[in-house]
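Enquirer:
Residue numbers (the numbering used here): -6 to 75.
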């Protein structure tokens, strides 16, 4: 996924959706990702559905397994362009 688009993440639900999309695009099941990272499949499901908050360490392990990384940028403000 070279030059994949960046998505702003401002909620657990958005973080889960990005993780799910990344996992699905790599054709990795929740079970496989769990085995790769030592995370229960049910926990991955909860993360992807935005119903559980996990430590940054867990999220970073999941991203690493999916060849992704976390980055921080200045928040973009919606502007009325006329």
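Ideal Cβ positions, reconstructed from N, Cα and C, are used throughout, including at glycine. No experiment lies behind these values; they were computed from the predicted model shown.
1) Are the beta-carbon atoms of residue 45 and residue 32 separated by less than 8 Å?
2) For residue 30, which of 48, 58, 42 and 22 has the nearest alpha-carbon?
3) Tell me whether residue -1 is buried or exposed, calling it buried when 16 or more other Cβ atoms sit within 10 Å of its Cβ.
4) Taking its Cβ as the centre, do 16 or more other Cβ atoms sit within 10 Å of residue 3, making it buried, or is it exposed?
5) Give the range of the alpha helix (DSSP H) segment to which residue 40 is assigned.
6) Could you pull out every residue in the same chain whose Cβ sits closer than 8 Å to the Cβ of residue 54, ignoring the five residues on either side in sequence?
Expert: The short version:
1) no
2) 58
3) exposed
4) exposed
5) 34 to 41
6) 30, 31 and 32
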